[in-house]
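Residue numbers (my numbering): 40 to 159.
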């Protein structure tokens, strides 16, 4: 982690930061991605697909598969297939996914602060 001088007046550096932030938000955008990540953090161990589906109220199977595939492609989750009948598939956070922990905590704190400030 790097300490940033937010008073930096270098327009090029500001663009780099804005681009990096936009890239991070693109990876996390999607109705169910943050919910999936939170569930995997809370589980503290890999979760089977069926368990994830059970824990995430309102998600349909197709959407869950799609969001998990995108998170896997972006290096946030890993998918492990066990060759057995019936097939067993587990999902877990990668090192990059685990590294999101402090950012997710900061976003949660910010969301609560915003709610209190705006009275929502």
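Glycine included, each C-beta is placed from N, C-alpha and C at the ideal position.
Range of the contiguous beta strand (DSSP E) that encloses residue 118: Run containing residue 118: 116-121, per the beta strand (DSSP E) assignment.
Based on DSSP bridge pairs, tell me the residues matched to residue 128. 120
Leaving out the 5 sequence neighbours to the left and right, which residues in its chain are closer than 6 Å to residue 131 when beta-carbon positions are compared? 85, 117
Can you tell which of 81, 104, 144 has its C-alpha closest to the C-alpha of residue 92? 104 is the residue among 81, 104, 144 whose C-alpha sits nearest the C-alpha of residue 92.
Where does residue 100 land, buried or exposed, given buried means 16+ other C-beta within 10 angstroms? Exposed: under 16 other Cβ atoms inside 10 Å.
Can you give me the Cβ contacts of residue 141 inside the same chain, cut-off strictly under 7 Å, excluding the 5 residues immediately before and after it? none
Determine whether the beta carbon atoms of residue 75 and residue 67 lie at a separation below 8 Å. no
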